[in-house]
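Chemist: Protein chains in written order, with this note's numbering: chain Z, 87 to 445; chain A, 26 to 530.
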Amino acid sequence: MEIPSEVRKLAIAAVPPIVAIVLAFLLGSILIFAVGVSPIVAYRSMLDGAFGNIKSFTEVLVKMYPLLLAGLGISIAFTAGAISVGAEGQILMGGLATAFVGTYLGFLPAPLLIPISIMAGFLAGAVWGIIPGYLFAKKGLSVVINTIMLNYIAHYLVNFFINGPFKEPGGYYPQSPRISENAYWPSIIPGTRLHIGIFVALVAVICVYILMKHTPLGVKISSVGVNQKASRYMGIKVEKMIIIALAFSGGLAGIAGAGEIAGIHHRVLSGFSSNYGWDAIAVALLGKLHPFGIVLSALFWAALRVGANNMQRVTQIPVSLVVTIQALTIFFVLISEMWQHKGKLASVTHTFLKRKSIS
Amino acid sequence: MDTLLEMKNIKKYFGEVKANDGIDLDIQRGEIHAILGENGAGKTTLMNILYGLYHPDQGEILIKGEEVQISNPKVALHLGIGMVHQHFMLVPPFTVAENISIGLEGQKLYKLDLVDIEDRVRELSQKYGLEVDPKAKVSQLSVGVQQRVEIIKVLYRGAEILVLDEPTAVLTPQEVKELFIVLKNFVVDGGTVIFISHKLKEIMEITDRVTVLRNGTKISTVHTKDTSEKELARMMVGKEVLLKYEKVETKKFEKVLSLKDVYCKNVKGLSAVNGVSFDVYGGEILGIAGVDGNGQKELADVISGINEIDSGEISLNGQNLNELSPYERICIGLGYVPDDRRGVGLLTPFSISMNLAIKHISQQPYKKYGLLNHAYIEQNAKEIIAEYQVKTPSGQVPVSNLSGGNQQKVLLAREISCQPQALVISQPTRGLDIGAMEFIHKTLFRKKSDGTAILLISSDLDEILEVSDRVLVIYEGTIMGEFIPGLIPIEEIGLMMAGVVKKER
Ligand SMILES: Nc1ncnc2c1ncn2[C@@H]1O[C@H](COP(=O)(O)OP(=O)(O)OP(=O)(O)O)[C@@H](O)[C@H]1O
Ligand SMILES: [Mg+2]
């Protein structure tokens, strides 16, 4: 009796994103048609590019990894009513911390160093979440503004390090030294870039699911997102919950950064995140802030990114068309949220606005 | 008489809930027609269908003998049907005229012609005795005046049938009188009124006919002059109802909750409670009577810790509460049922079970091995739902889907099940049907017998007199006097409530 109703709820929640995706692709096909290419051919090449062979599919999973983790993080912040757009900076900080650990603790054996690198990424990202959380909770400062600011600070901090104290000794490029091989996250399929991070991400999905749906802490975090005044009256420490939510949120994005460094680049390069933190916002929204939904939306988003490259090769349609489709998808999802009125985002935005008018 | 409106065999199911199960309703031109029924009987649903907010699963609506499809409120307004909801839908920072302009047809895109609107509002106010300043900001109006704005809003759009969903639940007795005059003027002018209320006295006073609903079906439609309060109550509940009951006498215990010279401000920063002192003893119900807006809300909020105290002292069992957070006050035994159940009391998107559990969510047995103990949470909800007769298919239903009265039951059940030593309870029966009201009063009596100290704040004087052992009258944040119900004439209470007479305590 209980499980079916849960399943039904999930199914109902999945309808708007799916409709949004279909609409976005339909509109996208008009654009493709307008440049004189058959939409069917274009979309086929996209599909081929993403799922055509093992190699391309592993690429999809590689890109899915940071989107999934950062998206999960954002969903926690949004559920708490804190509109954080700080994942990008948190990814950078997590990556930077992992590189430090991988370089300076490189003498440690891999079984020890890999967990430490995950931890380092989490902690660095969490700090980057706690700062805006604290400023919001104690001083009422806007989370949106502060997370944007911290994105810049993280960006320039990374550049400072790889141009200065953490620059590869004797190297020419602005990049950090290669981390110790003991810190490398092993690849799952040799010859591809797919690393164990994808398992880390899936474990995180389960953890976030349990946290948000099956622990008192998760209930309190969502309660704060629904109605701060009522939560406070019911004895929930609103400020504390917001800080905790933003700490988890940043920590998960930090792990995303850790994987990018320890699993892919093995050193810090300028702009190593390639905007995953921004895309993750869309991923979280498309996944309706639900951990399982975010798995699907992260997969979808990553497949679009990978597939777009192939489409460009085959049909000469620029990758930016896919960005258009992505934007349209989010646009339609938001419309459906407004239209549904009961959606999470609607209530999240609502509390956010209300809070601002109070403080 | 001619039939203006007919609803035939209206059915509306929400999942398993049969909110309307084949209801027939006919409305005659020029009458005031009451819809009466228990909480969750389907009154609001039926009216929402008439207003185009819900679509019936089955059934038809005829206006002046012609079938109509009311697909949205715009269509309803075109057909001359206007509705004022249980919960107002005004934009607080806007002026009255601006609020009325929203969604008005025939407006220019580039320029808002407020002067015209203001003139017309004044005209309508004059005509029906609805006193409103069109230039006033809605946020600064009292609830009663906001309701007038809602009424003007629909009259402005030319409504001939005015639907009012529990309009008097939020009004002071004086405002109720004024509203009734407006309704009578409206009817004289050719209008027709559909009026939802739980207050039998009002129904007897103002209406021509009454339709009684029970569990989504129509029981009967009767002429008001041929019926009585008792008969209506019986039709509504399906069995004899005591309209009056004996107060339970209990022995007084120790002093539990105590206020000494308490001052505090309201949200606008104006002083709202001015030097209030009283003690509430275990085993007694102390009533606070007074016209709404005289500091009752702030008084309740300052005791529960939502509002900050400026000076004075609040203590529970001798322990000073001044510096404690709302949560710490809950922990040492203070329960609070706020009047704003949807804004403060409940998390409406959450399920009933979660709302019942959330105050203790971090404690055993609501939590087991660090995880939520869903089995216990659901079981606990099941028991409370049964005990308090909350009308719902299951505990998993979100509170927002419950009818107003059932939301109140959930809130009350949660606060009482915490076993508080002192219970502050604000407007506990606002919007509740008489059966539920009786149930809640009996629950209060039961808690009182257990030795709980109860502070009952209500603007419903009848309720205060019926339930309290001792009553204080509040006016502009000060206590005007104290009395034992039944021992002083009602006129004197009225004078105290109006701030005319102050009685030394
Ligand atoms: N949107 C909805 N979704 C699910 N159930 C609903 C919804 N609206 C109403 N119901 C259910 O339908 C029944 C009738 O509700 P309705 O609001 O019409 O009652 P009511 O007679 O107005 O009660 P009250 O006096 O408490 O306001 C209730 O059991 C309620 O829980
Ligand atoms: Mg109702």
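All C-beta atoms in this analysis are idealised placements derived from N, C-alpha and C, irrespective of residue type, glycine included.
Here the structure is a predicted model, which is why all the values come from computation and not from measurement.
#1: In chain order, what are the residues with a CB under 7 Å from some non-hydrogen atom of ligand 2?
#2: Taking 7 Å as the cut-off, is the CB of A/ASP51 close to at least one heavy atom of ligand 1?
#3: If you drop the 5 nearest sequence neighbours on each side, which residues of the same chain put their C-beta closer than 7 Å to that of Z/GLU88?
#4: Between A/ILE331 and chain Z, is there a C-beta pair that is closer than 8 Å?
#5: Please classify Z/VAL93: is it buried, with 16 or more other beta-carbons within 10 angstroms of its beta-carbon, or exposed?
#6: I'd like to know if A/PHE375 contacts chain Z, where contact means its C-beta is closer than 8 Å to some C-beta of that chain.
#7: State yes or no: is the C-beta of A/SER442 within less than 8 Å of the C-beta of A/ILE482?
#8: In chain Z, which residues lie with their C-beta within 8 Å of the C-beta of A/ILE125?
#9: What is the rounded straight-line gap between the Cα of A/LYS25 and the Cα of A/ILE310?
#10: Which whole-angstrom value describes the C-beta separation of A/ILE377 and A/ILE410, a residue pair presumed to lie in contact below a C-beta threshold of 8 Å?
#11: Within 8 Å (strictly less), CB to CB, does Z/SER422 reach chain A?
#12: Can you pull the chain Z neighbours of A/VAL422, defined as C-beta to C-beta under 9 Å?
#13: For Z/SER433, count the other beta carbons within 10 Å of its own beta carbon; 16 or more makes it buried, fewer makes it exposed. Which is it?
#14: Just the chain Z side, please: which residues come within less than 8 Å of A/GLY370 by C-beta, in chain order?
#15: Specify the secondary structure class of A/ALA297 as computed by DSSP and reduced to three states.
#16: Cα separation between A/LYS285 and Z/ASN232?
#17: Quick one, which of Z/PRO276, Z/LYS224, Z/PHE208, Z/VAL187 has its alpha-carbon nearest Z/PHE252's?
#18: Cβ of A/ALA44 within 7 Å of any heavy atom in ligand 1?
#19: Where does the unbroken beta strand (DSSP E) through A/VAL45 begin, and where does it stop?
#20: Hey, could you find the ends of the beta strand (DSSP E) Z/TYR190 is sitting in?
#21: For a cutoff of 8 Å on Cβ pairs, would you count Z/VAL286 as touching chain A?
#22: What residue ranges within the region 495-520 of chain A form continuous beta strand (DSSP E) runs of no fewer than 3 residues, ordered along the chain?
#23: Does Z/HIS376 have its Cβ less than 8 Å from a Cβ in chain A?
#24: Nearest-angstrom Cα distance between A/ARG182 and A/GLN111?
#25: In whole angstroms, what separates the C-alpha of Z/ILE380 from that of Z/TYR295?
#26: Using only CA atoms, which one of A/MET260, A/GLY40, A/SER493 lies nearest to A/VAL273?
#27: Please classify A/GLU265: does DSSP put it in a helix, a strand, or coil?
#28: Please report the straight-line C-alpha distance between A/VAL422 and A/LYS416, rounded to a whole angstrom.
#29: Rank A/ALA314, A/ILE86, A/ILE57, A/THR28 by C-alpha distance to the C-alpha of A/ILE48 and give the top, closest one.
#30: Can you pull the chain A residues whose beta carbon is under 8 Å from the beta carbon of Z/SER309, in chain order?
#31: Opposite A/PRO423 in the DSSP bridges: which residues?
#32: Among A/LEU61, A/LYS68, A/ASN97, which residue has its Cα nearest to the Cα of A/TYR76?
#33: Counting Cβ pairs, one atom from each stretch, are 3 or more of them under 8 Å apart for the region 211-225 of chain A and the region 137-151 of chain A?
#34: Compute the minimum distance between the beta carbon of A/ASP581 and the heavy atoms of ligand 1, and state whether it is under 7 Å.
#35: On the criterion of 16 or more Cβ atoms from any shown chain inside 10 Å, does A/ALA400 qualify as buried, or is it exposed?
#36: Can you pull the chain Z residues whose beta carbon is under 9 Å from the beta carbon of A/PRO390, in chain order?
Modeler: With the given structure in hand:
#1: Proximity annotation: ligand 2 has residues A/LYS68, A/THR69, A/GLN111, A/ASP190, A/GLU191, A/ILE221, A/SER428, A/GLY429 in chain order, each selected because its CB is closer than 7 Å to a heavy atom of the ligand.
#2: Every heavy atom of ligand 1 is 7 Å or more from the Cβ of A/ASP51, so no.
#3: With a pLDDT of 45 at Z/GLU88, under the threshold of 50, the predicted position of this residue should be treated as unreliable, and no value is reported.
#4: Chain Z, which has a Cβ nearer than 8 Å to the Cβ of A/ILE331, makes this yes.
#5: Z/VAL93 comes out exposed.
#6: So, interface residue.
#7: No.
#8: Per Cβ cutoff of 8 Å: no residues; A/ILE125 is ~23 Å from chain Z at best.
#9: The structure shown has nothing for residue 25 of chain A, since chain A only spans 26 to 530.
#10: Cβ atoms of A/ILE377 and A/ILE410 come within 8 Å of each other, at about 7 Å.
#11: Judged by the 8 Å Cβ criterion, Z/SER422 is not in contact with chain A.
#12: Neighbours of A/VAL422 on chain Z: none; closest Cβ ~10 Å, over 9 Å.
#13: Confidence at Z/SER433 is low in this model, with a pLDDT of 42, below 50, so its placement is unreliable and no value can be given for it.
#14: Here the neighbours are ALA316, TYR319.
#15: A/ALA297 falls in the strand class under three-state DSSP.
#16: Cα to Cα, A/LYS285 sits roughly 44 Å from Z/ASN232.
#17: Ranking the options by Cα distance to Z/PHE252, first place goes to Z/VAL187.
#18: Yes, the beta carbon of A/ALA44 sits closer than 7 Å to at least one heavy atom of ligand 1.
#19: Looking at the sequence itself, residue 45 of chain A is Asn, so the reference to Val does not match. Here the beta strand (DSSP E) through A/ASN45 covers 42-53.
#20: Premise fails: Z/TYR190 lies in the alpha helix (DSSP H), 173-190, not in any beta strand (DSSP E).
#21: Against chain A, the CB of Z/VAL286 has no partner CB under 8 Å away; the residue lies outside that interface.
#22: For the region 495-520 of chain A, whole beta strand (DSSP E) runs of length 3 or above, ordered along the chain, are 495-500, 503-508.
#23: Closer than 8 Å: no.
#24: Approximately 20 Å between the Cα atoms of the pair.
#25: Approximately 11 Å, taken between the alpha carbons.
#26: For A/VAL273, the closest alpha carbon among the candidates A/MET260, A/GLY40, A/SER493 is that of A/SER493.
#27: For A/GLU265, the three-state secondary structure derived from DSSP is coil.
#28: For the pair A/VAL422 and A/LYS416, the Cα-to-Cα distance works out to about 11 Å.
#29: The residue with the shortest Cα to Cα distance from A/ILE48 is A/ILE86.
#30: What Z/SER309 touches in chain A: LEU372, PHE375, ILE383.
#31: A/PRO423 pairs with A/SER376.
#32: A/TYR76 has its Cα closest to that of A/ASN97, out of A/LEU61, A/LYS68, A/ASN97.
#33: Contact fails: fewer than three Cβ-Cβ distances are below 8 Å.
#34: Residue numbering for chain A in the displayed model covers 26 to 530; residue 581 of chain A lies beyond these limits and cannot be assessed.
#35: Result: exposed.
#36: Going along chain Z, no residue has its Cβ under 9 Å from A/PRO390, so there is no contact; the nearest lies around 12 Å.
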